[in-house]
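K.L.:
Sharing a structure here in structure tokens format.
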């Protein structure tokens, strides 16, 4: 009877973990939809009994071989490739103060630089501010992106792309080239276009967060994905795993070739669920 109770307990724990992993991915998808539908620089209201102020600044810069964004002062980074010859930078400056006037004064001290590095600087010693970026670039552009407390979103860009954020989700759509990036705390949402990767490959990892990977049924690649603690669901034939008998954690991982193989696609999490979606459905 004791063994039977242990078995039932294990099944219960597994069911709870799978449910929670699914909820994490669901919340991640909802957050992505909310990010896309809300205004880029909407005022977030008061915070901790402090009044907030936000303003959007827009400027252009000459296109070069690399767009380098330093967002370590807190704030997200969104990059979108277009058929254009310059770089359009939209910066959302958000400040907090004891009054509306105090919050506005903090914003007046913040300047946005668009030289070799796109970054924000504050002339005063004040930490009650953040700057997020929405940047439109030529589709063929190299990127180097760093954020501290904010998400990173990149779409329709081909090039050598490197990114890193400490606390924030990652959204990658319709990319090509050599793409590498990390987040410590945040979900990862990857949508692959076409039937194969154009370029060296994709290598993305999160420590704490769910993974959503979407591709066509006929996508040709070397796929590596997995999790140590989290559920695993797949709609793509050939991309499924079985739990290792006797293990106490999910420890689900695949590294396999599908549809004849191609460039490596690596999307890994340590603590979070994995969901592989078919864009053909």
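In the working numbering, the protein residues as written are 18 to 298.
From the three backbone atoms N, C-alpha and C, an ideal C-beta is built for every residue, glycine too.
(1) Could you tell me the distance, in whole angstroms, from the CA atom of residue 278 to the CA atom of residue 211?
(2) Leaving out the 5 sequence neighbours to the left and right, which residues in its chain are closer than 6 Å to residue 48 when beta-carbon positions are compared?
(3) Let's test the definition: count the other Cβ atoms within 10 Å of the Cβ of residue 57 and tell me whether it reaches 16, buried, or not, exposed.
(4) Mark residue 76 as exposed unless 16 or more other C-beta atoms lie within 10 angstroms of its C-beta, in which case mark it buried.
(5) Name the one or two DSSP bridge partners that residue 79 has.
(6) Could you check if residue 66 is buried or exposed, using at least 16 other CB atoms within 10 Å of its CB as the buried criterion?
(7) Could you pull out every residue in the same chain whose Cβ sits closer than 6 Å to the Cβ of residue 196, ignoring the five residues on either side in sequence?
(8) CA-CA distance, residue 42 and residue 229?
(9) Hey, residue 174 and residue 148 are a contact pair by Cβ (cut 8 Å); roughly how many whole angstroms apart?
(10) List the DSSP bridge partners of residue 199.
(11) For a test of the three-state rule: what should DSSP assign to residue 143, helix, strand or coil?
(12) By DSSP, does residue 282 sit in helix, in strand, or in coil?
P.N.:
Well, looking at it:
(1) As a first step, residue 278 must be located in the chain shown, where it is residue number 261. As a first step, residue 211 must be located in the chain shown, where it is residue number 194. Each residue's Cα considered, the two are about 14 Å apart.
(2) Walking along the chain shown from the start, residue 48 turns up at place 31. Because the pLDDT of residue 48 is 38, which lies under 50, any placement of that residue in the model is unreliable, and the number read from its coordinates should be weighed accordingly. Contacts found: none.
(3) On the chain shown, position 40 is the one that residue 57 refers to. It is exposed - the Cβ of residue 57 has fewer than 16 other Cβ atoms within 10 Å.
(4) The count along the chain shown starts at 1 and reaches residue 76 at position 59. By the neighbour-count rule (16 or more Cβ atoms within 10 Å), residue 76 is not buried but exposed.
(5) Locating residue 79 in the chain shown gives position 62, where the first residue counts as 1. According to DSSP, which records beta bridges pairwise, residue 79 is partnered with 103.
(6) For the purposes of this step, residue 66 is taken as residue 49 along the chain shown, with counting starting at 1. It is exposed - the Cβ of residue 66 has fewer than 16 other Cβ atoms within 10 Å.
(7) Here the question's residue 196 lines up with position 179 in the chain shown. Around residue 196: 178, 219.
(8) Within the chain shown, the letter at position 25 stands for residue 42. Within the chain shown, the letter at position 212 stands for residue 229. Residue placement at residue 42 is flagged as unreliable, the pLDDT there being 43, under the threshold of 50; the coordinate-derived value follows with that caveat. Distance between the alpha carbons of residue 42 and residue 229 is about 7 Å.
(9) One-based indexing of the chain shown puts residue 174 at position 157. One-based indexing of the chain shown puts residue 148 at position 131. Contact flag wrong, Cβ pair sits at about 21 Å.
(10) Taking the first residue of the chain shown as 1, we reach residue 199 at position 182. Residue 199 pairs with 181, 222.
(11) Within the chain shown, the letter at position 126 stands for residue 143. Coil, per DSSP.
(12) Position 265 of the chain shown, counted from the start, is the residue given in the question as residue 282. Looking at residue 282 - three-state DSSP - the assignment turns out to be strand.
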